[in-house]
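Undergrad: Line order of the protein sequences matches chains A and B.
Take the first sequence: its letters are residues 138 to 581, numbered as in the working numbering.
Take the second sequence: its letters are residues 1047 to 1376, numbered as in the working numbering.
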Amino acid sequence: MGERVVSGVSRRARSGAVGALVAAAAAAVISLLAISSPAAAQDDNGEIKGSLSAKDAEGTKFPVPDVVFIISDESGNEVATGSTNEEGDWSVSVPVGTYSVLLDVSTLPAGVDLRNPDKNPAQVVIDTPGKSKGALFPLGEAAVSEVTAIEWVQLLVDGLKLGLLLAMCSIGLSLIYGTTGLTNFAHGEMVTFGAMMAFLFHVTGVFGWQSSLIVAALFVIVITGLAGGLFNQFVWRPLRRRGVSLIAALVVSIGFSIFLRYVMLYRFGGRAGFYRDYRIQEKWDFVWFTIAPKDIVIMVLSVLILLGVGSALQFTRIGKAMRAVSDNRDLAESSGIDVERVIRWVWVSGSALAGLGGVMFGVTESIGWEMGFRTLLLMFAGVTLGGLGTAYGALFGSIIVGLFIQMSTLVIPTDMKNVGALVMLVVILLVRPQGLLGRKDRIG
Amino acid sequence: MDWGAIIENTTRGLIGEQFIYFGLAALGLNIHFGYTGLLNLGQAVFMAAGAYGLSMSVVTLGLNFWWGLLLGVIVFPLILAAIMGVPTLRLRADYLAIVTIAASEMFRIVARSPSLDRWTGSSDGLTGFATTFYDLSPYDKQERYFFDLFIGNQMWVVTVGWIALVIVILISLLLMKSPWGRVLKAIREDEDAARSLGKNAYWYKMQALMIGGVFGAMGGMLRAIGTQSAQPQNFITDVTFFAWVALILGGAAKVLGPIAGAAVLYAILSFTDVALRQGVDNGHIPEWLMTGTQVGQVRFMLIGLGLILLAAFRPQGIFGNKEEMALDDR
């Protein structure tokens, strides 16, 4: 295990690295402070809450997670949103007043419907501060006969969507590993950072100007790409020059992951956020499955982007150089490739893809401070399956993992679906540790 | 500023329950990482194995406390170590890292899942398994002990915790002086060389993972007993890194390193926690900058910063020896 990130230890670089690390941490804090925190719970607020559960075919009650509620005041302005957690509970804090609570029907799982659709939205009056009022939405299986979706086809489509997004996020993870040997545990935070930056431009507004989500997404690509480049320039490059071991670098990346995650929690709060645009959409019915138009757009977009990335890796100079450095760093260096330049581009493009992936996750699901970290573990499963350090491996592996996660809900409870992917990770390491497209000499 | 409360809390951090729980976990990590070079990022799961091993045996299965103790400290962690070790210990160090951190996430999902509520109590966790333990307490529940720092039941947890710490330290010392310990260090330095001398590196690494896991389980079980509940929230992924910072801060591959690290770490964390909380309450810190709920998040940021700075600039920690350092020069 005598490997180094880069050979050539320089003591001079040490003091520079200290300054750079501190500066990088400070820059991260400052940029994150710009994200507005939601109105902190004030003492004169009341609470609207509820709990959602449905019954399955055998009559057993089960909680319904990830259902979105939209709370508007009397003049119809939206004041808050909430979503049910894994136990089916939700709550939002609002000032005293009269509210209408709308359950977003499109977020209900297939086969579950409101028993009284005409009582949606519900009226809730909060008359005294500190009081909590319930908003009840009984769910029934009234419309089961109308559902034509075939469960496994629906899951296949959902899984493909998840897999495509995972693939977009994980290409950077795999290429960073391939070119520098670093297992970057902070990659998930780039996903969260992207989603939150879009929230900043799109929902919070900058200098009073709220951009549309598409414009915000373009900003995010630039910002996360830049952030990735700076992260490499001021943190990882100095560490490589000092000859810090791979293990130490891995621990540093974990430190960044925790630090950045909690800075984002600090600014954003622990609740789930949603973008304004494209939130509630009637799902299109394709007989075998239903899908919201935004999800179709996201799937098409991500396929196009992944095709673009694939052809860039295959045909452009820098793409070929990336694959060459991933494949054999020393050989690439001695044949005249500027390795540091390749690494810089890997960081920039990988981070931009992860940030954009974060925005897309935010559109189809919700935005939260832990979203990236949760995704990171699924990315690891995908990248390990495909072969750590390969670009195409990350792509295929992630899509398989996405499909596997959704399809596994046929047998295991939905709230435990991610466990399936993590079990798969362990099984891959037992059976074929180098992954589908990886090489054996990397793993021992 | 109420300096009395600040000093009291800092002292409690230095020698109290939190220090004991994480000191034990860090001693386990020291066997894993300090001596064997295993990158275990799932020490929280071993802690959870101790906590849930005891509480599930007593509450869910209805066994008595002593069976729970045996299952939680020995059986659960050994099974866990085997599950995590078999696929990864033949591979590069970062694969164990990925699998152990994935195990933490799996634990969180499974322990919080309402569909397993009957067995695990889901996110509320399990309570009412520690009565036998507190019945044995020689201390008066109402009294305060040890310079008025701990009330009766707390003092009992701290006493048992210190006994456990001393036992674990002695075991570590004896193990690391033995030929077995020297093989571990040889594997850390050069696994191929150890193998070429006929040592079964895989099996030695597995044993190290198991023993360190047992130490971690002791910490976790004490934490469950001390808080009188086993909750998933107390064993999330980030908990592991409190033990990691304690280990690196004190100095890996020194038997007393992690203990010193845990004491210093919890003194610092308790100090900042109380100081910030008082600042917020007295209005010294404006509300736009920090609210009461945000104080609790600062300690996680400190843990993150601690990992970054220690790993990058002082991997041998306070007392460690740079020559014998698993984090660098490998």
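Beta carbons: idealized from backbone N, C-alpha and C, even for Gly.
Run through DSSP, which three-state label would L1116 of chain B get?
TA: Translated into positions along the second sequence, residue 1116 of chain B becomes position 70. In the structure shown, L1116 of chain B sits in a helix (DSSP, three-state: H, G or I).
Undergrad: Hey, quick one: how far does the alpha helix (DSSP H) through N182 of chain A stretch, first residue to last?
TA: To locate residue 182 of chain A, count along the first sequence from 1; it is residue 45. No alpha helix (DSSP H) holds N182 of chain A; the beta strand (DSSP E) holding it covers 182-188.
Undergrad: Could you list which residues in chain B have their beta carbon closer than 9 angstroms to that of D552 of chain A, in chain order?
TA: Mapped onto the first sequence, residue 552 of chain A falls at position 415. Under the 9 angstroms cutoff, chain B gives I1155, R1158, S1159, P1160, S1161.
Undergrad: Classify A178 of chain A as helix, strand or coil using the three-state DSSP reduction.
TA: Translated into the one-based positions of the first sequence, residue 178 of chain A becomes position 41. Note that A178 of chain A scores 39 on pLDDT, short of 50, meaning its location in the model is unreliable; the coordinates nonetheless yield the value given after this. Residue state, collapsed to three classes: coil.
Undergrad: Could you tell me which chain E residues have their CB closer than 9 angstroms to the CB of N555 of chain A, listed as they occur along the chain?
TA: No chain E appears in this structure, whose protein chains are A and B.
Undergrad: Select from B:F1359, B:M1093, B:V1132, B:T1082 the residue whose C-alpha is nearest the C-alpha of G1265 of chain B.
TA: Numbered from its first residue, the second sequence carries residue 1265 of chain B at position 219. The shortest Cα separation from G1265 of chain B among B:F1359, B:M1093, B:V1132, B:T1082 belongs to B:M1093.
Undergrad: Counting only beta-carbon separations shorter than 8 angstroms, does L562 of chain A have a partner in chain B?
TA: Start at 1 with the first residue of the first sequence, and residue 562 of chain A comes out as number 425. Closer than 8 angstroms: yes.
Undergrad: So, helix, strand or coil for S1316 of chain B, using DSSP?
TA: Position 270 of the second sequence, counted from the first residue, corresponds to residue 1316 of chain B. S1316 of chain B: helix per DSSP, three-state reduction.
Undergrad: Which residues in the same chain have their Cβ closer than 6 angstroms to the Cβ of G1074 of chain B, if we skip the five residues on either side of it in sequence?
TA: For this step, residue 1074 of chain B is matched to residue 28 along the second sequence. For G1074 of chain B, where only same-chain residues beyond five positions count, the Cβ hits under 6 angstroms are G1258, F1261, G1262.
Undergrad: Provide the residue span of the beta strand (DSSP E) that contains P232 of chain A, from first to last.
TA: Within the first sequence, residue 232 of chain A is the residue found at index 95, counting from 1. Residues 226-232.
Undergrad: Hey, out of A:A528, A:V560, A:Y529, A:W482, whose CA is closest to L514 of chain A's CA?
TA: As a first step, residue 514 of chain A is located in the first sequence; it is residue number 377 there, counting from the start. Nearest of A:A528, A:V560, A:Y529, A:W482 to L514 of chain A, Cα basis: A:V560.
Undergrad: What are the boundary residues of the beta strand (DSSP E) that includes V1206 of chain B?
TA: On the second sequence, position 160 is the one that residue 1206 of chain B refers to. That residue, V1206 of chain B, is in no beta strand (DSSP E); its alpha helix (DSSP H) goes 1198-1223.
Undergrad: From S209 of chain A to F1079 of chain B, what distance separates their C-alpha atoms?
TA: Mapped onto the first sequence, residue 209 of chain A falls at position 72. Mapped onto the second sequence, residue 1079 of chain B falls at position 33. Using only the alpha carbons, I get a separation of about 54 angstroms.
Undergrad: Counting pairs of beta carbons, one from the segment 1302-1311 of chain B and one from the segment 1092-1108 of chain B, are three or more of them closer than 8 angstroms?
TA: no
Undergrad: Using C-beta distances below 8 angstroms, list every residue in its chain close to K1187 of chain B, excluding the 5 sequence neighbours before and after it, in chain order.
TA: Walking along the second sequence from the start, residue 1187 of chain B turns up at place 141. Cβ neighbours of K1187 of chain B beyond the five flanking positions: I1197, G1198, N1199.
Undergrad: Please report whether the beta-carbon of I391 of chain A lies at a distance below 8 angstroms from any beta-carbon of chain B.
TA: In the first sequence, the residue the question calls residue 391 of chain A occupies position 254. Judged by the 8 angstroms Cβ criterion, I391 of chain A is in contact with chain B.
Undergrad: Cβ of S307 of chain A within 8 angstroms of Cβ of A489 of chain A?
TA: As a position in the first sequence, residue 307 of chain A is number 170, starting the count at 1. As a position in the first sequence, residue 489 of chain A is number 352, starting the count at 1. No.
Undergrad: If you check the beta carbons only, do V340 of chain A and Q347 of chain A fall under 8 angstroms apart?
TA: The sequence position of residue 340 of chain A within the first sequence is 203, counting from 1. The sequence position of residue 347 of chain A within the first sequence is 210, counting from 1. A contact, by the Cβ cut-off of 8 angstroms.
Undergrad: Applying the 10 Å Cβ sphere with the 16-neighbour rule, what's the burial state of L1219 of chain B?
TA: Numbered from 1 along the second sequence, position 173 holds the residue referred to as residue 1219 of chain B. Looking at its Cβ environment, which holds fewer than 16 other Cβ atoms inside 10 Å, L1219 of chain B is exposed.
Undergrad: Measuring only the C-alpha atoms, how far is G524 of chain A from F517 of chain A?
TA: Position 387 of the first sequence holds residue 524 of chain A. Position 380 of the first sequence holds residue 517 of chain A. C-alpha separation (whole angstroms): 10 angstroms.
Undergrad: Between the C-alpha atoms of N1367 of chain B and I1294 of chain B, what's the straight-line distance to the nearest angstrom?
TA: Position 321 of the second sequence holds residue 1367 of chain B. Position 248 of the second sequence holds residue 1294 of chain B. Between N1367 of chain B and I1294 of chain B, the C-alpha separation is close to 11 angstroms.
Undergrad: Along the chain, where does the alpha helix (DSSP H) that runs through Q260 of chain A open and close?
TA: For the purposes of this step, residue 260 of chain A is identified with residue 123 of the first sequence, where counting begins at 1. Here Q260 of chain A belongs to no alpha helix (DSSP H); instead the beta strand (DSSP E) covers 259-263.
Undergrad: Start and end of the beta strand (DSSP E) containing T218 of chain A?
TA: Along the first sequence, one-based indexing puts residue 218 of chain A at 81. Residues 215-220.
Undergrad: Checking contacts by CB at 8 angstroms: is T521 of chain A closer than that to chain B?
TA: Taking the first sequence and counting its residues from 1, one reaches residue 521 of chain A at position 384. Yes - at least one Cβ of chain B is within 8 angstroms of the one on T521 of chain A.
Undergrad: Using a Cβ-Cβ distance cut-off of 8 angstroms, determine whether F452 of chain A contacts chain B.
TA: Here residue 452 of chain A is taken as the residue at index 315 of the first sequence, counted from 1. Cβ-Cβ to chain B under 8 angstroms: no for F452 of chain A.
Undergrad: Considering only the alpha carbon of each residue, which of A:L299, A:Y412, A:L245, A:G539 lies closest to T218 of chain A?
TA: For this step, residue 218 of chain A is matched to residue 81 along the first sequence. When only C-alpha atoms are compared, the closest one is A:Y412.
Undergrad: Can you pull the chain B residues whose beta carbon is under 8 angstroms from the beta carbon of T320 of chain A, in chain order?
TA: Taking the first sequence and counting its residues from 1, one reaches residue 320 of chain A at position 183. Chain B residues near T320 of chain A: D1140, A1143, I1144.
Undergrad: Is the number of C-beta pairs between the segment 326-346 of chain A and the segment 453-468 of chain A that are closer than 8 angstroms three or more?
TA: no
Undergrad: Quick one: is Q288 of chain A near chain B, going by C-beta distance under 8 angstroms?
TA: Here residue 288 of chain A corresponds to residue number 151 of the first sequence, with the count starting at 1. The identity of residue 288 of chain A in the sequence shown is Glu, whereas the question assumes Gln. Chain B contact via Cβ: absent.
Undergrad: Any idea what DSSP makes of V281 of chain A, helix, strand or coil?
TA: The sequence position of residue 281 of chain A within the first sequence is 144, counting from 1. Confidence at V281 of chain A is low in this model, with a pLDDT of 45, below 50, so its placement is unreliable and the value that follows should be read with caution. Three-state result, V281 of chain A: helix.
Undergrad: Can you tell me where the alpha helix (DSSP H) with K457 of chain A in it begins and where it stops?
TA: Start at 1 with the first residue of the first sequence, and residue 457 of chain A comes out as number 320. K457 of chain A -> alpha helix (DSSP H) spans 454-464.
Undergrad: Beta carbon of L387 of chain A, beta carbon of F330 of chain A: below 8 angstroms?
TA: Working through the first sequence from its first residue, we reach residue 387 of chain A at position 250. Working through the first sequence from its first residue, we reach residue 330 of chain A at position 193. The answer is no: Cβ separation not under 8 angstroms.
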